[in-house]
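Visitor:
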């Protein structure tokens, strides 16, 4: 008798892919078990050496003080974004520079400038390069975080 440790999501995917299972089937299996979630499925095409990007989220207005004392507005992107640059190499390889980012507005990290409240942001990002053969897939994990907020309303003294 002994114990077998539970495999993490990355380990499960590694086992499936090493056994010849396609990455799409592996992801679908993880989604069905609640271990993975697709946030977006954009289709982007880029020329060799050119950067492509997408943002599934929005832009938040941030007040910026100018040298003359006037206030202008700058916009900070938030959500799920990806920048990638493919470069075609010889022997059918494609070098891929990848920069995913996940960010969200964090009101608890806001700061005040006079009467203006500026929110903080929670940001997770990665940057890597991979060389892929035609038809190969890759996966990046660990950028998302689940958060549950609970609000309780009670009358003081009555509970």
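Numbering (our numbering), first residue to last: 6 to 164.
Ideal Cβ placement from N, Cα and C applies to all residues, glycine included.
This one's a predicted model, so the numbers in the text were calculated from it and none came from an experiment.
Leaving out five residues before and five after residue 132 in sequence, what residues of the same chain have Cβ atoms less than 8 Å from its Cβ?
Guide: Same-chain partners within the cutoff: 102, 103 and 104.
Visitor: Which runs of the beta strand (DSSP E) fall wholly inside the segment 54 to 133 and span at least 3 residues, in chain order?
Guide: 57 to 70, 76 to 93, 99 to 118 and 121 to 130, all fully within the segment 54 to 133.
Visitor: Closer than 7 Å to a non-hydrogen atom of the ligand MN - does that hold for the CB of residue 85?
Guide: Ligands are entirely absent from the displayed structure, and the ligand MN is therefore not among its contents.
Visitor: Kindly give me the distance between the Cβ atoms of residue 140 and residue 90, rounded to whole angstroms, as I take these residues to be in contact under 8 Å.
Guide: Not a contact, Cβ separation roughly 20 Å.
Visitor: Suppose you measure from the CA of residue 76 to the CA of residue 92; what does that come to, to the nearest Å?
Guide: Their Cα atoms are separated by approximately 42 Å.
Visitor: Drop a sphere of 10 angstroms on the beta-carbon of residue 116, count the other beta-carbons inside from all chains shown, and report buried for 16 or more, exposed for fewer.
Guide: Residue 116 is exposed by the Cβ-count criterion.
Visitor: For my contact list, residue 84 and residue 62 are in at a C-beta cut-off of 8 Å; report their separation, rounded to the angstrom.
Guide: With 8 Å as the limit, residue 84 and residue 62 qualify as a contact, their Cβ atoms being about 1 Å apart.
Visitor: Could you give the distance in angstroms between the alpha-carbon of residue 30 and the alpha-carbon of residue 79?
Guide: For residue 30 and residue 79, the distance between alpha carbons rounds to 42 Å.
Visitor: Measuring straight from C-alpha to C-alpha, what distance separates residue 110 and residue 37?
Guide: In a straight line, the C-alpha of residue 110 is about 29 Å away from that of residue 37.
Visitor: Which residue from 52, 56, 95 and 40 puts its Cα closest to that of residue 86?
Guide: Closest by alpha carbon: 56.
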